[in-house]
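Numbering (the numbering used here), first residue to last: 260 to 398. Don't be surprised by glycine CBs; every beta carbon is placed ideally from N, CA and C. Scroll down for the structure; my scribbles are underneath it.
Structure representation (structure tokens):
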């Protein structure tokens with residue numbers, strides 16, 4: 260009987276201790292995007308009040324050779340948006356500088372990695388969602 264009591268007490272203590280950072284669940288980038296970014300950034304064109312994810316991901320792939328470089332840059336930008344760190348000055352001219360969004364470091368990493376992975380090589384060749392139709396309409 261004493262063993263059951265001790266085991267119950269030990270189990271109760273173990274359940275009340277918060278998990279360590281190593282044991283905590285890694286945030287899902289899409290969930291972080293949906294919760295923090297999707298109000299302004301649509302996934303695909305047309306833009307809302309900020310550039311679409313597909314366009315941003317394409318710009319990051321043009322500017323950075325590796326995912327690690329692109330994600331690190333986006334994490335730093337998300338932590339402290341700064342005009343000197345923008346990758347597309349036209350977007351800043353059109354939409355302005357984004358505000359600071361409160362996120363944990365893990366959330367910034369998850370969403371930056373998710374953004375990078377949204378890259379569609381067809382966007383770079385004018386064959387994105389519009390299939391080059393805008394170019395044809397403006398001729």
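| Asked | Found |
| --- | --- |
| Cutoff 6 Å; reference residue 306; Cβ partners in own chain excluding five residues on either side | none |
| Same chain only: Cβ atoms within 7 Å of residue 315, ignoring 5 sequence neighbours per side | 374 |
| Chain-order list of residues whose beta-carbon lies under 7 Å from that of residue 351 (same chain, five-residue window excluded) | 342, 345 |
| Distance between beta carbons of residue 371 and residue 330, contact taken as under 8 Å | 4 Å |
| Endpoints, alpha helix (DSSP H) assigned at residue 319 | 312-322 |
| Per-residue DSSP class, three states only, for residue 342 | helix |
| Endpoints, the alpha helix (DSSP H) within which residue 288 is located | 288-295 |
| Proximal residues to residue 302 (C-beta, below 8 Å), its chain only, five neighbours per side dropped | 311, 312, 313, 377 |
| Residue 370 - containing alpha helix (DSSP H), residue span | 364-376 |
| Residues near residue 289 by beta carbon distance below 6 Å, same chain, minus five either side | 373 |
| Local conformation of residue 298 per DSSP, three classes | coil |
| Local Cβ density within 10 Å of residue 285, reported as buried at 16 or more and exposed below that | exposed |
| Residue-chain proximity (residue 379, chain D), Cβ-Cβ < 8 Å | Among the protein chains of the structure shown there is no chain D, as only one such chain exists. |
| Option in 291, 292, 309, 325 with minimal Cα separation from residue 353 | 309 |
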